[in-house]
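The block underneath contains the structure these notes are about, expressed in structure tokens.
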Amino acid sequence: MPTVTEDKATATAKPVSERRSVVVRFCGDSGDGMQLAGSQLTQTSAFAGNDIATFPDFPAEIRAPRGSLAGVSGFQVHFAADTVLTPGDAVDALVAMNPAALKENLHWLKPGQTLIVDDDAFDARGLRQAGYAANPLDDGALASWNVLRAPVTTLTKAAVAPTGLGRKQSEQCRNFFTLGLVYWLYGRDLQPTLDFIKRKFKDEVAEAARLALHAGWSYGETTEALERSYIVPRAKLAPGRYRNVTGNEALSLGLIAAARLSAKTLFYCAYPITPASDILHFLSRNRAHGVRTFQAEDEIAAISACIGAAFGGAMAVTGSSGPGLALKAEGLGLAVMLELPLVVIDVQRGGPSTGLPTKVEQTDLLQVMFGRSGEAPMPVLAASGPGDCFNTVIEAWCIATRLMTPVIVLSDAFVANGSEPWRVPEMAELALIPVKHPTAPAGDEPFLPYARDDLLARPWAVPGTPGLEHRIGGLEKTDGTGAISYDPLNHQHMVNVRAQKVANAATLIPPLTVEGPETGDVLVLAWGGTMGACREATIRARAAGLSVAHAHLRHLNPMPANLGAVLGRYGKVLMPELNTGQLAMLIRARFGVDVVQLNKVQGRPFTVDELLQAIQALCAPAETAEVTP
Amino acid sequence: MNVPTNPVPVPADYATDQEVRWCPGCGDFAVLAQMKKVLAGLGAKRETTVFISGIGCASRFPYYLDTYGMHGIHGRAPAIATGLKRMRPELDVWVVTGDGDGLSIGVGHLIHALRRNVDIKVLLFNNRIYGLTKGQFSPTSTPGLVTRSTPFGSMLEPLNALTTALAANCSFVARAVDTQAETLGEVLRRAAAHKGSAFVEIYQNCHVFNDCTFDYAKDNKIRHDHVVELEHGKPLIFGIERDMGLRQVGFGLEVVGLGDGITEDDLVRHDESAATPALAQILAAMRHPQMPEAIGVLRAVQRPTQNELMARGDGPGLHPTNDDLAELLRGKDSWVVE
């Protein structure tokens, strides 16, 4: 092995081919640093000008037994010279750090494509733990792939030997070795990761990571098993400044921006729960940006503290996942009754109960729509991808303050953990959010805490304002005065008013837009994190001559005013959802139209291929157009 | 406390136009009257005073005070108040709760609000019964109490409100009796003045479902034999004739008669600001009829409040500038596409 001592851009002497799009998946033990390797490849590819989507796929266990199938952690990166809408159905290069990772992930690898394994990890113990009777590297099982058996452990240890690190720490640099190898394979610049290593690690650990990265690159250059490398040219992104964001990061940034735009202090109150905790982490790090965070003793305290903070005039936000939302239900009912503005985030995960805590599902829609006692409607919005979380929470806060109501924002584990390049908005692009607090009325007229404006919103009078002292509570109240009332007709009136107020949000939201033909055979109607896969599938279906359009709902309650008209313009409506048909149930009930469901609850997102097949099956039987996935 | 500049307020200034809907004769009336007196005496500004409650008879309290107020949900008032106080430290935030609301469904929130030293004042009306749901036993019901849900008598050990508050390292812990206006008023004034979370248990008679449960502490003819009124630095003396006292024995206290060679110097002197809550715990745990029950301030110490502690990580300005925000949005690893 050549020892590389200088951090300089390295050029390959082997042939180079161009590819428009590449999907790489790193997989290994949950302690093997696969998330780090994946996120480094993501950042480096972003700097290289590619469009990107990522899919971190990790187990709920922090450290399952080493080498076990349960402990396999993966990170998939799709980078391309064209627009990227999904992390990719299948992968062009699979890096498997041990037999268990190979067994769990081999089915993702396209035939004939590159499999990189750590040959050293395929020992008797590793094979036994993965349940392999024979070594798949030797028994011909992998004949249809281009297998690179790299002695990663041995080479990493040799590379980092000059640092004097012990065996365990040396072996922990295997991820940098494989990352260097992947960087060689796709002509990636080492520099961004070298910079990262300098920032992140110190002394001999930093040196070891640097050496391992270079060693991996050099191995790619020298091994005879790899004949050529590939480059993926820059994508044509709209001009502007970009950064990579995960959904949870974009959501956190959106909350901070919304607070600034409304001249409010952000109060984020939460109880730790996967996959929402990263929002609490991000905001806790940014308390200097006018953010107050509060880790509550439980989910109920989190929503309760938000209600108190909202009463006090703050921008109060709580975030959780499905099981936490269930615990917050009573508090949400109180917020509806009090008519205070709140943003409530539900980063959905596999359920019911503890379910699949790190995996994706869209199974909380009906919970957030109806999961409260009494008639307690609330606006519901869903983010369609990582970057979209930013705009979604800003819009949620606009609606919450304009109508004095709690608003639900749905995200999911796929959106929250996945990342993509996000064009950073200029400050001038962000509209101010007007929020008014009344001051004491002139003269002797009494203050009416439940007076209504044109959209039925009540005034947001905050403690500290002389002359506006008032009491609010969960008991039914007289419209206007807010005095307790058990009058039957008043209750009917108040239920109607609260429902109409939420319905009035429809006047604040844009009409639904359709991608594709204005009329046609099939409309794919979906919501939330399935956006990219649905868009990609409908683009490909149209390219194959099918008459298919795609509409994606951000506003689930109320729905856009033109939705009924849109539904009527297509022969059939296909509704892909990562649940058993929750939005389909609402659409049928609301519009009396039939829809075709496509449902999946496997803790995984849709593949484009699954959607394409469903679209094909729906199109007129006479049409036998070939669809190339 | 926020002190107004307008003329000296009177209790009636804090009354609302709402009809008070407690049962005639309820102990809650006495506490409400005393609260209004205390607010007037302190000159509390109505606009910066907030009462937050949960669910139960006691939790109707905010409707009857012309301040800001919120009637919340069952057990959650301490959490609601915590959020309000975190964001509006200048407000005087009171929580009104009961033994079911605060010690059963909401005990988790209560403990955390106290240990965080949020700087809210918690009044727990203890009537040892569920009143609003019409007479089930509560976590403070005495063993043997026959209620609608314990037809053969309550079997279980009650939860002691004060030892619970002390276990949460609450910085101000006191007990008062609804109809003992003088001590109740004094305890409320001291709670209001305390910087930090204050917890006051108020013995409150429910004459409909659990009448006379506190007669030993309320009846002027006998109560001095059954309660010891605490005074900081003073020996623990009680009795109608003030002829009994509390003396240390092992890790506890015993009742002794004064005289026959036993003098005040042999008695334990109350120390509400002791280094540890050990004495307060012993006083809190004293139960009628074996021991006299402690009335007054058991513990009053200073420790940093939640807002003081959190200030370290909070930024100086509530609103970042546009430049700050733009920098945050850009992040550390951005790039430009031309």
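For the record, the sequence lines run as chains L and S.
Just so we're aligned: the first sequence equals residues 76 to 704 in the working numbering.
Just so we're aligned: the second sequence equals residues 169 to 506 in the working numbering.
For glycine and all other residues, C-beta sits at the position ideal for the given N, C-alpha and C.
A direct Cα-Cα distance of roughly 38 Å separates L:N319 from S:A249. In summary, the residues of the stretch 540 to 574 of chain L whose CB is separated from some CB of chain S by less than 8 Å are T540, P541, G542, L543, E544, H545, R546, I547, G548, G549, L550, A558, I559, in the order they occur in the chain. For S:D383, there are no neighbours in chain L by C-beta distance under 8 Å, as the nearest C-beta there is about 33 Å away.
Judged by their CB atoms, L:V683 and L:A612 are nearer to each other than the 7 Å cut-off. Taking a contact to require three or more Cβ pairs closer than 8 Å, the stretch 627 to 635 of chain L and the stretch 596 to 607 of chain L qualify as touching.
Under the DSSP assignment, L:M390 falls in the beta strand (DSSP E) whose first and last residues are 390 to 395.
L:G103: member of the beta strand (DSSP E) spanning 96 to 104, first to last residue.
In this structure, L:E544 sits away from S:R244, with a CB-CB distance that is not shorter than 7 Å. Close CB contacts of L:F150 within its chain, under the 6 Å cut and outside five residues either way in sequence, are with F101, M109, Q110, G113, P131 (chain order). Distance from the CA atom of L:L583 to the CA atom of S:L259, rounded to whole angstroms, is 35 Å. Within the stretch 327 to 355 of chain L, the residues whose Cβ lies closer than 7 Å to any Cβ of chain S are, in chain order, L328, I331, A332, R335, A338, T340, F342, C344. Judged by beta-carbon spacing, L:N565 lies beyond the 7 Å limit of L:T556, meaning their Cβ atoms are not closer than that value. Within 9 Å of the CB of L:M109, no CB atom of chain S is found; the nearest one sits about 20 Å away. Where L:M650 is concerned, the enclosing beta strand (DSSP E) starts and stops at 645 to 652. When DSSP reads this structure, L:D562 sits in no beta bridge, so it has no partner. Flagged as an interface residue toward chain S: L:Q118, by a C-beta distance shorter than 7 Å. Put simply, the CB of L:P314 is near chain S, with a gap under 7 Å to one of its CB atoms. Taking the Cα of S:L497 as reference, the smallest distance to any Cα among L:R498, L:L402, L:R679, L:R224 is reached at L:R498. Interface criterion met: the Cβ of S:T250 is under 7 Å from a Cβ in chain L. The alpha carbon of L:L653 has as its nearest neighbour, out of L:A601, L:L355, L:F666, the alpha carbon of L:A601. Interface annotation, S:N285: not in contact with chain L, CB-CB separation never under 7 Å. The three-state secondary structure of S:L252, taken from DSSP, is helix. The bridge partners DSSP lists for S:R415 are S:E422. The beta carbons of L:I354 and L:G406 sit no closer together than 7 Å. Between S:I241 and chain L, the shortest Cβ-Cβ separation is below 7 Å.
With its beta carbon less than 7 Å from one in chain L, S:D501 belongs to the interface.
Neighbours of L:S395 in chain S, taken as residues at a C-beta separation under 7 Å, are lacking, since the least C-beta distance is about 15 Å.
Judged by DSSP in its simplified three-state form, S:Y236 adopts strand. Using a Cβ-Cβ cut-off of 7 Å, S:D482 is close to R362, R367 of chain L, given in chain order. Here L:G646 is not near L:N674, since their CB atoms are 7 Å or more apart.
Classified as buried, L:Q247 has 16 or more neighbouring CB atoms from the shown chains inside 10 Å of its CB.
Per DSSP, reduced to three states, the secondary structure at S:F340 is strand. Non-local beta-carbon contacts of L:T340 in its own chain, meaning distances under 7 Å to residues more than five positions away in sequence, involve A334, G365, R367, A389, M390 in chain order. Here the stretch 576 to 591 of chain L lies against the stretch 467 to 479 of chain L, with 3 or more beta-carbon pairs under 8 Å apart. Boundaries for L:A209: no alpha helix (DSSP H) harbours it, and the DSSP string shows neither H nor E there. Take the alpha-carbon of S:E440 and the one of S:L466: they are about 5 Å apart.
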